[in-house]
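Engineer: Numbering (the working numbering), first residue to last: 172 to 349. First, the structure itself, so that you have it in front of you.
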Amino acid sequence: VQQLPRQLRWMIQIEPEILGLKMPLPMPAIIMLLVYFTAWLVLRYTKLGRYAYAIGGNETATRLSGIKVDRYLISIYSLSAFLAAMAGVILSVRLDSGNYTNGETYTLDGVAAAVIGGTSLMGGVGGVWGTLVGALLMAVVRNALVLYNVPAMWHRVVVGGIIVGAVALDAIRKRLRS
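As C-alpha coordinates, this is what we get:
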(Lines of atoms letter the chains of each structure in order from A and count residues from 1; the text may use other names and numbers.)
(Lines give C-alpha, C1' and ligand atoms only; values in the text may rest on other atoms or scores of the structure.)
Protein backbone atom coordinates (compact mmCIF):
# COMPACT_ATOMS: atom_id res chain seq x y z
CA VAL A 1 0.00 0.00 0.00
CA GLN A 2 1.45 3.34 -1.06
CA GLN A 3 1.26 6.23 1.39
CA LEU A 4 0.42 9.78 0.45
CA PRO A 5 3.33 12.19 -0.05
CA ARG A 6 4.91 13.49 3.14
CA GLN A 7 4.86 17.03 1.71
CA LEU A 8 1.12 17.14 2.44
CA ARG A 9 1.48 16.43 6.18
CA TRP A 10 1.41 20.17 6.97
CA MET A 11 -2.33 20.04 6.27
CA ILE A 12 -2.82 17.97 9.40
CA GLN A 13 -0.56 19.49 12.02
CA ILE A 14 2.41 21.77 12.25
CA GLU A 15 4.58 22.28 15.30
CA PRO A 16 6.06 25.76 15.29
CA GLU A 17 8.36 26.76 18.09
CA ILE A 18 6.73 29.47 20.20
CA LEU A 19 8.76 30.89 23.09
CA GLY A 20 11.06 27.88 22.96
CA LEU A 21 8.18 25.38 23.14
CA LYS A 22 6.94 23.21 20.30
CA MET A 23 3.21 23.86 20.03
CA PRO A 24 1.18 21.55 17.78
CA LEU A 25 -1.41 23.45 15.75
CA PRO A 26 -4.40 21.60 14.22
CA MET A 27 -4.20 22.80 10.61
CA PRO A 28 -7.66 21.54 9.51
CA ALA A 29 -9.27 23.79 12.14
CA ILE A 30 -7.09 26.74 11.13
CA ILE A 31 -7.85 26.20 7.43
CA MET A 32 -11.56 25.91 8.26
CA LEU A 33 -11.56 29.21 10.16
CA LEU A 34 -9.69 30.91 7.31
CA VAL A 35 -12.22 29.58 4.80
CA TYR A 36 -15.16 30.71 6.96
CA PHE A 37 -13.67 34.17 7.43
CA THR A 38 -12.95 34.52 3.70
CA ALA A 39 -16.47 33.31 2.85
CA TRP A 40 -17.92 35.85 5.27
CA LEU A 41 -15.91 38.64 3.64
CA VAL A 42 -16.98 37.55 0.15
CA LEU A 43 -20.66 37.18 1.05
CA ARG A 44 -20.76 40.43 2.98
CA TYR A 45 -18.64 42.82 0.94
CA THR A 46 -18.56 41.70 -2.70
CA LYS A 47 -20.89 41.75 -5.65
CA LEU A 48 -20.55 37.95 -5.89
CA GLY A 49 -21.85 37.62 -2.32
CA ARG A 50 -24.82 39.93 -2.85
CA TYR A 51 -25.71 38.19 -6.09
CA ALA A 52 -25.37 34.76 -4.47
CA TYR A 53 -28.04 35.72 -1.93
CA ALA A 54 -30.19 37.27 -4.66
CA ILE A 55 -29.94 34.21 -6.89
CA GLY A 56 -30.72 31.95 -3.94
CA GLY A 57 -33.71 34.07 -2.97
CA ASN A 58 -35.31 34.29 -6.43
CA GLU A 59 -33.30 33.36 -9.50
CA THR A 60 -35.95 34.59 -11.95
CA ALA A 61 -36.25 38.02 -10.33
CA THR A 62 -32.47 38.31 -10.24
CA ARG A 63 -32.26 37.44 -13.93
CA LEU A 64 -35.02 39.95 -14.77
CA SER A 65 -33.15 42.68 -12.89
CA GLY A 66 -30.35 42.44 -15.45
CA ILE A 67 -27.83 40.33 -13.56
CA LYS A 68 -26.02 37.69 -15.61
CA VAL A 69 -27.15 34.82 -13.38
CA ASP A 70 -25.41 32.06 -15.36
CA ARG A 71 -22.01 33.75 -15.01
CA TYR A 72 -22.41 34.04 -11.24
CA LEU A 73 -23.77 30.51 -10.88
CA ILE A 74 -20.67 29.18 -12.65
CA SER A 75 -18.49 31.17 -10.22
CA ILE A 76 -20.45 29.97 -7.19
CA TYR A 77 -20.39 26.31 -8.28
CA SER A 78 -16.69 26.52 -9.19
CA LEU A 79 -15.89 27.93 -5.76
CA SER A 80 -17.97 25.18 -4.17
CA ALA A 81 -16.13 22.52 -6.18
CA PHE A 82 -12.76 23.98 -5.19
CA LEU A 83 -13.68 23.94 -1.50
CA ALA A 84 -15.01 20.37 -1.77
CA ALA A 85 -11.77 19.27 -3.43
CA MET A 86 -9.73 21.00 -0.74
CA ALA A 87 -11.77 19.25 1.96
CA GLY A 88 -11.23 15.93 0.16
CA VAL A 89 -7.47 16.44 0.06
CA ILE A 90 -7.39 17.34 3.76
CA LEU A 91 -9.48 14.26 4.62
CA SER A 92 -7.26 12.01 2.49
CA VAL A 93 -4.11 13.34 4.15
CA ARG A 94 -5.70 12.97 7.59
CA LEU A 95 -6.69 9.36 6.92
CA ASP A 96 -3.47 8.71 4.94
CA SER A 97 -5.53 7.03 2.25
CA GLY A 98 -7.57 7.99 -0.76
CA ASN A 99 -10.80 6.08 -1.10
CA TYR A 100 -13.91 7.24 -2.90
CA THR A 101 -16.10 6.25 0.06
CA ASN A 102 -14.24 8.47 2.55
CA GLY A 103 -16.59 11.16 3.76
CA GLU A 104 -19.68 9.92 1.93
CA THR A 105 -21.94 10.96 4.83
CA TYR A 106 -20.52 14.49 5.01
CA THR A 107 -23.05 15.82 2.51
CA LEU A 108 -25.89 15.13 4.92
CA ASP A 109 -23.90 16.68 7.76
CA GLY A 110 -23.25 19.76 5.63
CA VAL A 111 -26.93 20.25 4.87
CA ALA A 112 -27.78 19.72 8.53
CA ALA A 113 -25.14 22.25 9.63
CA ALA A 114 -26.43 24.86 7.19
CA VAL A 115 -30.08 24.35 8.17
CA ILE A 116 -29.29 24.36 11.89
CA GLY A 117 -27.31 27.55 11.32
CA GLY A 118 -30.36 29.33 9.91
CA THR A 119 -29.96 28.79 6.18
CA SER A 120 -33.29 28.34 4.47
CA LEU A 121 -33.67 25.39 2.10
CA MET A 122 -35.72 27.77 -0.07
CA GLY A 123 -32.61 29.93 -0.52
CA GLY A 124 -31.67 33.56 -0.05
CA VAL A 125 -31.39 33.40 3.75
CA GLY A 126 -28.46 32.28 5.85
CA GLY A 127 -25.04 33.19 7.02
CA VAL A 128 -21.53 31.89 7.45
CA TRP A 129 -21.30 32.14 11.24
CA GLY A 130 -24.63 30.38 11.82
CA THR A 131 -23.42 27.58 9.57
CA LEU A 132 -20.21 27.35 11.60
CA VAL A 133 -22.28 26.96 14.77
CA GLY A 134 -24.36 24.32 13.00
CA ALA A 135 -21.21 22.46 11.91
CA LEU A 136 -19.84 22.50 15.45
CA LEU A 137 -23.17 21.25 16.77
CA MET A 138 -23.18 18.44 14.19
CA ALA A 139 -19.65 17.47 15.25
CA VAL A 140 -20.83 17.27 18.86
CA VAL A 141 -23.84 15.15 17.83
CA ARG A 142 -21.63 12.78 15.77
CA ASN A 143 -19.20 12.45 18.68
CA ALA A 144 -22.03 11.77 21.12
CA LEU A 145 -23.46 9.08 18.86
CA VAL A 146 -20.08 7.36 18.74
CA LEU A 147 -19.45 7.74 22.49
CA TYR A 148 -22.87 6.30 23.33
CA ASN A 149 -22.25 3.35 20.99
CA VAL A 150 -25.25 4.13 18.79
CA PRO A 151 -25.16 1.75 15.80
CA ALA A 152 -23.81 3.43 12.65
CA MET A 153 -27.04 2.79 10.72
CA TRP A 154 -28.87 5.10 13.15
CA HIS A 155 -26.46 8.01 12.69
CA ARG A 156 -28.14 9.07 9.43
CA VAL A 157 -31.55 8.72 11.04
CA VAL A 158 -30.53 11.06 13.85
CA VAL A 159 -29.02 13.59 11.42
CA GLY A 160 -32.12 13.36 9.21
CA GLY A 161 -34.29 13.98 12.25
CA ILE A 162 -32.23 17.03 13.11
CA ILE A 163 -32.70 18.36 9.58
CA VAL A 164 -36.47 17.77 9.70
CA GLY A 165 -36.66 19.52 13.07
CA ALA A 166 -34.61 22.49 11.84
CA VAL A 167 -36.71 22.83 8.68
CA ALA A 168 -39.90 22.64 10.76
CA LEU A 169 -38.58 25.39 13.05
CA ASP A 170 -37.70 27.49 9.99
CA ALA A 171 -41.22 27.04 8.60
CA ILE A 172 -42.77 27.99 11.95
CA ARG A 173 -40.50 31.05 12.17
CA LYS A 174 -41.55 32.14 8.67
CA ARG A 175 -45.21 31.65 9.48
CA LEU A 176 -44.95 33.74 12.65
CA ARG A 177 -43.22 36.57 10.71
CA SER A 178 -46.00 36.81 8.12
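All C-beta atoms, glycine included, are put in the ideal place defined by N, C-alpha and C. Keep in mind that this is a model prediction, so the values were computed, not measured.
Can you give me the Cβ contacts of Gln115 inside the same chain, cut-off strictly under 7 angstroms, excluding the 5 residues immediately before and after it?
Structural biologist: Absent from the model: residue 115. The displayed extent of the chain is 172 to 349, so no value can be given.
Engineer: Given that a residue counts as buried once 16 or more other Cβ atoms are within 10 Å of its Cβ, and exposed if not, what is Gly191?
Structural biologist: exposed
Engineer: Alpha carbon to alpha carbon, what distance is there between Ala306 and Ala200?
Structural biologist: 12 angstroms
Engineer: Alpha helix (DSSP H) containing Thr278: first to last residue?
Structural biologist: Tyr277 to Ile287
Engineer: Trp300: which of Leu212, Met257, Trp181 and Arg348 sits nearest, CA to CA?
Structural biologist: Leu212
Engineer: Taking 8 angstroms as the cut-off, does the region 216–224 touch the region 241–260 (at least 3 CB pairs, one atom from each stretch)?
Structural biologist: yes
Engineer: So, Val312 versus Ile333, is the Cβ gap smaller than 9 angstroms?
Structural biologist: yes
Engineer: So the candidates are Ser291, Gly295, Gln178 and Thr302; which of them puts its Cα closest to the Cα of Gly228?
Structural biologist: Gly295
Engineer: Tell me Glu188's beta-bridge partners as DSSP assigns them.
Structural biologist: Lys193
Engineer: Could you check how far apart the C-beta atoms of Leu318 and His326 are, in whole angstroms? I think they sit under 8 angstroms.
Structural biologist: Leu318 to His326, Cβ: 12 angstroms. No contact.
Engineer: Nearest-angstrom Cα distance between Leu254 and Leu303?
Structural biologist: 15 angstroms
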